[in-house]
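Protein chains in written order, with this note's numbering: chain A, 1 to 100; chain B, 1001 to 1100; chain C, 2001 to 2100; chain D, 3001 to 3320; chain E, 4001 to 4320; chain F, 5001 to 5320.
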Amino acid sequence: MKTTTLKLVTIVTERILEDRLLRKVQELGAKGYTLTQATGKGSRGVRASEWEGPDTRIQSLVSKEVADAIVEYIAENLFEHYAVIVYVQDAEVVRGEKYI
Amino acid sequence: MKTTTLKLVTIVTERILEDRLLRKVQELGAKGYTLTQATGKGSRGVRASEWEGPDTRIQSLVSKEVADAIVEYIAENLFEHYAVIVYVQDAEVVRGEKYI
Amino acid sequence: MKTTTLKLVTIVTERILEDRLLRKVQELGAKGYTLTQATGKGSRGVRASEWEGPDTRIQSLVSKEVADAIVEYIAENLFEHYAVIVYVQDAEVVRGEKYI
Amino acid sequence: MEHIITLASNLLSPIILMFVLGVIASLVRSDLKLPEPLYNGLAIYLLLAIGLKGGVELNQTPISEFIGPALITLFLGILTPIIAYNVLRRLGKFDRINASAIAAHYGSVSAVTFIVAIAFGTMTGRMSEGFMPALVAILEVPAIVVGLMIAFTREKRAGSWQEALHEVLAGRSILLLAGGLIIGWIAGPTEFEPIAPFFEAGFKGALGLFLLEMGVITARRLEGLKEVGGFLIGFGILVPIFHGLLAVWLGGLVGLSIAGSAVLGAMVSSASYIAAPAAVRIALPEANPTFYLTASLGITFPFNITLGIPLYYAFAEWIM
Amino acid sequence: MEHIITLASNLLSPIILMFVLGVIASLVRSDLKLPEPLYNGLAIYLLLAIGLKGGVELNQTPISEFIGPALITLFLGILTPIIAYNVLRRLGKFDRINASAIAAHYGSVSAVTFIVAIAFGTMTGRMSEGFMPALVAILEVPAIVVGLMIAFTREKRAGSWQEALHEVLAGRSILLLAGGLIIGWIAGPTEFEPIAPFFEAGFKGALGLFLLEMGVITARRLEGLKEVGGFLIGFGILVPIFHGLLAVWLGGLVGLSIAGSAVLGAMVSSASYIAAPAAVRIALPEANPTFYLTASLGITFPFNITLGIPLYYAFAEWIM
Amino acid sequence: MEHIITLASNLLSPIILMFVLGVIASLVRSDLKLPEPLYNGLAIYLLLAIGLKGGVELNQTPISEFIGPALITLFLGILTPIIAYNVLRRLGKFDRINASAIAAHYGSVSAVTFIVAIAFGTMTGRMSEGFMPALVAILEVPAIVVGLMIAFTREKRAGSWQEALHEVLAGRSILLLAGGLIIGWIAGPTEFEPIAPFFEAGFKGALGLFLLEMGVITARRLEGLKEVGGFLIGFGILVPIFHGLLAVWLGGLVGLSIAGSAVLGAMVSSASYIAAPAAVRIALPEANPTFYLTASLGITFPFNITLGIPLYYAFAEWIM
Ligand SMILES: Nc1ncnc2c1ncn2[C@@H]1O[C@H](COP(=O)(O)O)[C@@H](O)[C@H]1O
Ligand SMILES: Nc1ncnc2c1ncn2[C@@H]1O[C@H](COP(=O)(O)O)[C@@H](O)[C@H]1O
Ligand SMILES: Nc1ncnc2c1ncn2[C@@H]1O[C@H](COP(=O)(O)O)[C@@H](O)[C@H]1O
Ligand code: NA
Ligand code: NA
Ligand code: NA
């Protein structure tokens, strides 16, 4: 079975940014995404799921270029004022052309 | 601490397939799995958690052979008609013999 | 955009250990973590979310040294008596100094 | 004139307006949405409550009264998917898989439509027979079996027939309705009393909250309207009307009251969107969910709870 | 003396004690915590119930009675954020962004404080006007707009003004309150009756359960007290008192009853912690959430539901 | 004869039948399952309601009536884990760790069994003393302490004794029961009235829904039956009967009514499956959860709610 190596971008951030980020991620070239709920702790302290609801964890399987673009967008626009983390990993898929 | 490199297979798919897939994954050699709930979007459109419940995200740590078998099974049997994504990553574990 | 490669440690374990493990993980040097809920199956059988609540899935982005220390702690203290799995993967981040 | 009043009283009843509020919330992209576990819990509560109440009243009903309606319901559960299938194949030019998938939905029943029909009756002072929930349980399964049989008879299919059947029979709608019926029947009115405040007094309000979320879900399905085309939209209104009027008429023939016939009409007319989609997804994965979900949830459900139900009541009154 | 009794009767009422239980649970690091979907569902239920009830009673109110209170509420919604902003800037030396962020919160309204104020009234036998929920809807939005306008007038900001406004207007508080009002108003008392047991009888108990969780959440905010400093703590008590007494007085002037004026006082005095934080987070991401959340949720909310509300009632009685 | 009727009336009561429905749903692998947050929320509701009601009635009870039952409950909380431990060690040949782990469960109490026992009483017209919930709070903790002490006295253990104790004392069962008791006691009947519809009228129905899910959970535990062996199955029935009858007898001696003694019997006989498993898992991780969970949840719980409770009532009637 022929496989391709793509990039899996994971973003954990405030629920309030979810809609905006999903729009942006797709604009930058992502063909799909998977969402889960998360809580956590980082430099901005504990983010427990309270009135604001839990944080959102976005994962998207994309090409290297799109991954870079997403990371760059977040670094430039969100790092300063929002609770957000983003990291990129390798992932092998079949029918890789579907995601790029 | 001696570590082994195994494969982490991640599957995101419709809840309705959960039971069937878990049975199959174990038949193919997986010794365990971890489930989380997810929503998302892909080529078949938005999968929000509605009456059908959220999608299911299955992760299993397995040997290379088992990983290949799982991916192949999904590619052949589920890709065509179901909302499903599967990808494989490396992961280091201790006491790796437990999972193969 | 300059990126660093860090280690992503994933732990899936009983809810009852959550507080203790989070304290420990931070003691060992983790600067943050992300939590999700999970159910699953392993050598100790099915862990469905019942009265005890679902299992907890802890992910932390740390340096190689901290990752090793976490894995070692778990292997020595928790493997024997608790339902627990831990694995380590690579992940690329920007502003990596924030997490080490 | 009187019928227009009844119609208005349905359209302006708080529970229907809550449905509308849900639709609006979805259209303005609000974050208003019942959390999924709660929506799920409300569904369990409503089905169990309906079952229990049905059981308690069945306990007081001579079995002879029940036989006729039960048989006619079974008959309609077999007839209506066949009607729907033929309309879809012959007039709509649907392929066999999609036609039978949709037919399974229109033969089966929407428990919420049923509940709204009951509630509409009691709000306008017309009580239907106590055993109606038992008819829902009877109506739910056969149509799905018939629908899948049509698809499975000629070729071997990708999906699993047994798993699909298990999904329906062990599905929570059947278990809660049938289980509630039996529990209520065993308990009878006296034993039911202590739990009545929970299951009876709160019922209509809980239904309103549930319909709020149904509104949100329905509105999301409206996107599918462009895709499915005009035929399916017409189908989703006209075939239910035909099924409904037929059922009202037959209900009257076997001795159901006006309200009972009307509720039977609403049941038969309604399309399943819980049990059937799950079974069809398993048994007929090739069928396109956009068709059957948009039709049953986006067209027939809102039509029935707003205009359909008052229509069936009016027709029942007119023929009796 | 009589006022001390009323105060005690508030402090010892079961729903306030449930709030205290929640605080204690959090302080002893208990696992006692309402599951998030349930907390969410209760919020939906409470807002909808308040809206519905308000609508039903508005249905019976001549519109002329409503105009005065409506206008004065709108006026207070514009005035109070300006007062709060100036106190924070001039006395507190806060920067413009944080001052306007906090001001938006103190101009807007906490629906739970409002509900507790109503409940306190009915428990002590003093009914406020039925249209009070409509005033909450009027009060919620303008202050947030004013607060954000102050921040946006001079410089271009990082956040999005339109998205923030959408967040408030299409937010579930407004939709449920306004939607409930309209539904209740259309339905009137007769149509409301079947759903009343669910939305009315269970109301106060559900509020108690909700306050239990509010206690847990509030206690978590107490950690922020050290960070925010003495000024903000004083601000979080004194400015609400000032806003509250002002509103009671103006409420009396436009003809509200004693209870109505007191409830208006509680509303105006309260600080938003649902709609405002979401809007501010989007429009003013540079503002520090610790300031506005600790102040509104950690200081003003507990102050108001324990001491503030009896104070506004006492003042309303005293001036009339 | 009369006792057989009471037994049947318990077995056929709707709430027990809902438990059975849950068991069946699980056995036929249905998707019927209360969403976890809802199950959790129901547990909170039931514990708080029981506490509140107990507190309100304690408010009306002279303290002298309460002393005797309180002391005897404390005594039983210390005695029963010692009995259980010795039976498991001597007759069952269990190792020290597992024996003390199981003993901690059988000394402590199952709040649901208690609630079903109360409900069974009121349904058959026999009211127990209002302060019974206070006894549950007294019974919950000591046995767990005794159980863990037995395990910790000789060797140093892997687990943490302090964390385990914190888990129990700050656990939500104790907080809700004790907190509810205090709130109810402060409030008294008049202040309780506004929240009574929520906490009282809905109680039995909510218990039924909760038992539905308990049925699902219990059925899953039945798998463990093969593993645990015949001795533990016998233990899970006979030791509870012995504990229960002992408690009924002592309850009668210290002046409890028939219903009160029976409820005390059910409490003492029951095995904890919320507080104790959590504490034991932390303090004695080497103990095998299959043993203590299968015994307490798979054997003793279903035995007690079906046969045990009518037995304790019958015995209480017989000896008085
Ligand atoms: N080192 C880390 N490992 C894993 N997740 C993290 C880490 N740091 C932050 N996070 C996640 O990112 C969110 C925002 O982090 P921050 O912006 O640093 O407060 C946190 O709530 C966590 O969910
Ligand atoms: N590029 C992607 N990245 C991450 N998740 C995806 C992606 N594409 C699809 N998915 C997930 O897989 C599910 C099914 O995808 P599909 O079959 O393409 O509709 C979606 O609902 C997503 O949860
Ligand atoms: N091979 C595996 N792949 C993924 N997750 C696993 C695997 N084995 C165990 N787990 C997870 O770790 C938990 C505890 O495993 P165990 O201690 O083996 O019972 C399980 O409930 C699963 O969530
Ligand atoms: Na039908
Ligand atoms: Na205000
Ligand atoms: Na016991």
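Think of the CB as a built atom: it goes at the ideal place given N, C-alpha and C, for glycine as much as any other residue.
Check	Outcome
Specify the secondary structure class of V5263(F) as computed by DSSP and reduced to three states.	helix
What did DSSP end up calling S5173(F) once you bin it into helix, strand or coil?	helix
Could you tell me which chain H residues have their CB closer than 7 Å to the CB of A3025(D), listed as they occur along the chain?	Of the protein chains in the structure, A, B, C, D, E and F, none is chain H.
Residues of chain B with a CB under 7 Å from the CB of T2036(C): which are they?	T1036
From what residue to what residue does the beta strand (DSSP E) around R1057(B) run?	1055-1062
Hey, which unbroken runs of the alpha helix (DSSP H) at 4 residues or more fall wholly within the region 5108-5196 of chain F?	5111-5123, 5132-5154, 5161-5169, 5172-5192
Comparing C-alpha positions only, which one of P4133(E), G4298(E), S4128(E) sits nearest to R4220(E)?	G4298(E)
What's the call for L4071(E), buried or exposed, on a 16-neighbour Cβ count within 10 Å?	exposed
As an exercise, report each continuous alpha helix (DSSP H) stretch of at least 4 residues that is fully enclosed by the region 4057-4103 of chain E, in chain order.	4063-4086
Against E3191(D), what residues of chain F qualify as contacts under a CB-to-CB distance less than 8 Å, listed in chain order?	S5009, L5012, S5013, P5014, M5123
Buried or exposed: where does S43(A) fall if 16 or more other Cβ atoms within 10 Å of its Cβ makes it buried?	exposed
W4185(E): buried (16+ other C-beta within 10 angstroms of its C-beta) or exposed?	buried
Three-state secondary structure (DSSP) at L3032(D)?	coil
Beta carbon of L3181(D), beta carbon of G3054(D): below 7 Å?	yes
Within 7 Å (strictly less), CB to CB, does A3170(D) reach chain F?	yes
Can you grab the Cα-Cα spacing for the pair P3277(D) / L3293(D), in whole Å?	7 Å
Taking F3094(D) as the reference, give the member of N3288(D), P3014(D), N3059(D) with the closest Cα.	N3288(D)
Spell out whether any CB of chain E is found under 7 Å from the CB atom of P5197(F).	yes
According to DSSP, what are the bridge partners of R2047(C)?	G2040(C)
Use the C-beta contact count for G4121(E): other C-beta atoms within 10 angstroms, 16 or more gives buried, fewer gives exposed.	buried
So E1092(B) is in the beta strand (DSSP E); what residue range does that whole segment cover?	1084-1094
Would you check whether ligand 7 has a heavy atom nearer than 6 Å to the C-beta of S5270(F)?	Absence of ligand 7 from the depicted structure is noted, with ligand 1, ligand 2, ligand 3, ligand 4, ligand 5 and ligand 6 being the only ligands included.
Within 7 Å (strictly less), CB to CB, does T39(A) reach chain C?	yes
Counting only Cβ pairs nearer than 7 Å, list the residues of chain D close to G5208(F).	I3195
Roughly how many angstroms separate the alpha carbons of T4218(E) and P4302(E), rounded to a whole number?	8 Å
Buried or exposed: Q89(A), going by 16 or more other Cβ atoms within 10 Å of its Cβ?	buried
Mind the definition here: the region 5003-5012 of chain F touches the region 4029-4039 of chain E only if three or more C-beta pairs lie below 8 Å; say whether that holds.	no
Are L3212(D) and F3131(D) closer than 7 Å when you measure CB to CB?	no
Just list the beta strand (DSSP E) runs in the region 4201-4266 of chain E, keeping only unbroken ones of 3 residues or longer that don't cross its boundaries, in chain order.	none
Quick one: measure Cβ to Cβ for V3254(D) and T3080(D), integer angstroms, because I've assumed they're closer than 8 Å.	Going by Cβ atoms, the distance from V3254(D) to T3080(D) rounds to 16 Å, so no, they are not a contact pair.
Flag V12(A) as yes when its Cβ comes closer than 6 Å to any non-hydrogen atom of ligand 1, and as no otherwise.	yes
Secondary structure at K1031(B), three-state DSSP: helix, strand or coil?	coil
Under 7 Å between C-beta atoms, does I1074(B) make it to chain D?	no
Thinking just about the alpha-carbon of each residue, which of S4026(E), L4207(E), S4272(E) is nearest to the one in G5171(F)?	S4026(E)
Please confirm whether E2092(C) has its beta-carbon closer than 7 Å to some beta-carbon of chain A.	yes
If you measure beta-carbon to beta-carbon, which residues of the region 5029-5046 of chain F are closer than 8 Å to chain E?	P5035, E5036, P5037, L5038, N5040, G5041, I5044, Y5045
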